[in-house]
Amino acid sequence: MDPGEHEKEDYVFKGPEVRRMSAEEFRDALASLTGVGYLSPDADLGMGENAKGKFGPKKKAKWIWNDPNAANKAKAESIYLRKTVRLPAVPAEATALVVCDNSFEFFVNGHKAGAGSDFNKPFLIDLKPWLKIGNNLIAIHAI
């Protein structure tokens, strides 16, 4: 389009000019459309593209404690998370991505499948060797 074209009497607006977006504009547009984005990254997780696609954030995190200083006041404790999953067949692929403050141990049907202690690094854990048809107990001990 010629720069002076819009000054003609019979000019009709045909839409915006097409131009390339910067990498930041493109990322912001995708984040706006999908609701997935890193507004303030707390840690460089160093995930590969495959892991980002599978395990990247689906929802925006929000503060759940009433007192914004609760993290400074809370005592360090251990928690145990357990979930029974019923499988009609063993899946072709079963991977867990775990990021945890301090340290964690991950168990599948009583077998220690993985552990870690660096919250800046995600741990990919292959669950398939310990899965079976029927009920499967998944447990995490976070310290």
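Residue numbers (our numbering): 34 to 176.
Every residue, glycine too, gets a C-beta built ideally from N, C-alpha and C.
Sub-8 Å separation of residue i and residue j beta-carbons
i	j	result
residue 172	residue 114	yes
residue 127	residue 166	no
residue 148	residue 137	yes
residue 83	residue 118	no
residue 175	residue 111	yes
residue 158	residue 139	yes
Identified DSSP bridge partners for residue i
i	result
residue 131	156
residue 116	171
Extent of the continuous beta strand (DSSP E) to which residue i belongs
i	result
residue 148	144-149
Contacts around residue i, its chain only, beta-carbon distance under 8 Å, and the 5 residues preceding and following it disregarded
i	result
residue 142	163, 164, 165, 169 and 170
residue 152	76, 132, 133, 134 and 135
Extent of the continuous alpha helix (DSSP H) to which residue i belongs
i	result
residue 138	Residue 138 -> not in any alpha helix (DSSP H); beta strand (DSSP E) instead, spanning 137-141.
residue 66	56-67
Nonlocal neighbours in the same chain, by C-beta distance under 6 Å from residue i, ignoring five residues either side
i	result
residue 116	171
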